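If you use this note's numbering, the sequence shown closes out at 318, no skipped numbers anywhere.
A short write-up of the structure that comes next.
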Amino acid sequence: MPGLPPPPSLGATALPPGTYDGTVVLVTGGGTGLGKAVAAEFARLGADLVIASRNEDRLRAARDELAALGGRVTAAVCDIRDADRVAEVFDAAREAYGLPGVLVNNAAANFPVPAEDMSPGAWRAVVDTTLTGTFLMTREFGRRHLAAGVPGSVIDIGASYAWTGGPGFAHGAAAKAGVKSLVETLAVEWGPYGIQVNGLVPGLMPHDDMTADIRGNLDPAGPLAARQPALRVGLPRELGWAATFLASPYARFITGHTLVVDGANWQRRGLVGAPVVTVREQMGRAAFDGGATSPRTPRADPPPSPRTPLGSPPT
């Protein structure tokens with residue numbers, strides 16, 4: 004069985020050249036991983052990019068890498084949980100290129116922990132970034148577009164466990180379910196003003212923000228590929244192509260929709276599945292002893308020191 008065919012090679016574009024000429028695209032979490040891959044596809048189509056993240060070093064590296072594709076790129080340090088910092092990112096984008104016409108909310112947080120071990124702080128660490136941060140970015144985008152009277156497009160990166168639940172990730176699943184609901188709600192609220200709001204859910208896609216052991220498990224020819232309905236994992240550029248389509252003139256009548264790009268993996272179901280293994284067993288944890296705090300904390304990026312944008316790469 005061949006499975007789904009591989010995609011075109013890296014560097015191919017899904018839309019005509021110049022589709023995004025003159026369009027400012029703001030991508031959160033754009034310094035690494037899928038966010039950087041999505042930003043790259045917009046850059047190849049002529050967009051002016053603003054990438055935002057809390058990690059200054061990663062932003063600088065991504066800015067230079069994306070600029071090598073031929074477009075203009077500005078990087079801005081931002082904690083999307085802070086409404087004032089969010090406003091500053093939009094100010095920086097406006098000063099550099101103009102009002103962003105496309106917002107891609109990719110920044111998120113997550114880490115595994117059984118619900119009974121999860122502390123309030125662990126819950127907030129994920130929900131405040133994934134859901135509240137997405138809302139604050141989207142609200143600022145909407146406010147500025149409503150004031151200017153111009154259309155725009157928002158794309159929220161979601162997760163399939165918004166539908167299925169995510170054992171071991173109660174905070175992440177709840178936050179992503181909230182993001183999906185936000186897409187559907189704001190599409191109706193802002194549709195009369197010409198603002199589209201859509202979601203985009205990636206499947207298994209190896210990228211540079213994963214640890215080496217996870218990337219190894221996601222090798223396109225590895226054992227995990229054989230367990231996907233497509234008989235392969237996805238590639239980050241496939242998510243980027245979907246994003247460029249959803250925000251393009253060719254998708255003007257699509258809004259309030261969440262598009263899943265995962266080769267039908269999340270829909271795979273059977274009447275009889277594998278033996279049940281509890282979340283605690285999967286994580287190698289002892290029996291619950293009545294404690295209520297999480298022994299793990301999410302990976303923390305270094306706090307940003309400057310309140311000013313990093314700007315464009317030197318020429």
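Every residue gets a Cβ at the ideal spot worked out from N, C-alpha and C, and that includes glycine.
Small disclaimer: the values here were computed from a predicted structure and weren't measured.
Once DSSP output is grouped into helix, strand and coil, what is the label at aspartate 67? helix
C-alpha gap between proline 309 and glutamine 231, whole angstroms: Bear in mind that the predicted position of proline 309 carries a pLDDT of just 48, short of 50, making it too unreliable to give a figure here.
For the segment 81-128, which segments carrying the alpha helix (DSSP H) assignment without a break, of at least 4 residues, lie completely within its bounds, in sequence order? 86-99
If distances are taken between C-alpha atoms only, which option among Arg146, Val27, Thr35, Thr133 comes closest to glutamate 98? Val27
Find the nearest neighbour of proline 239 within the set Pro10, Met4, Gly104, Thr281, judged by alpha-carbon distance. Pro10
Out of curiosity, what's the CA-to-CA distance linking aspartate 131 and isoleucine 160? 15 Å
Tell me the DSSP secondary structure of aspartate 51 in three-state form. strand
Nearest-angstrom beta carbon gap, glycine 243 and alanine 319 [assumed within contact, 8 Å]: One cannot answer for residue 319 here, as it falls past the ends of the chain, which runs 4 to 318.
Assuming isoleucine 54 and arginine 63 are in contact, meaning their beta carbons sit under 8 Å apart, how far apart are those beta carbons, in whole angstroms? Not really, about 10 Å apart at Cβ, beyond 8 Å.
Curious, which full-length beta strand (DSSP E) runs of at least 3 residues does the segment 235-262 contain? none
Counting only the same chain and skipping the five closest in sequence on each side, list residues whose C-beta sits under 7 Å from that of alanine 245. Leu203, Leu262, Val264
Under a three-way DSSP split, which group does asparagine 58 fall into? coil
Within its chain, find whatever has a CB closer than 8 Å to the CB of glutamine 285; leave out the 5 residues flanking it on each side and keep chain order. Gly171
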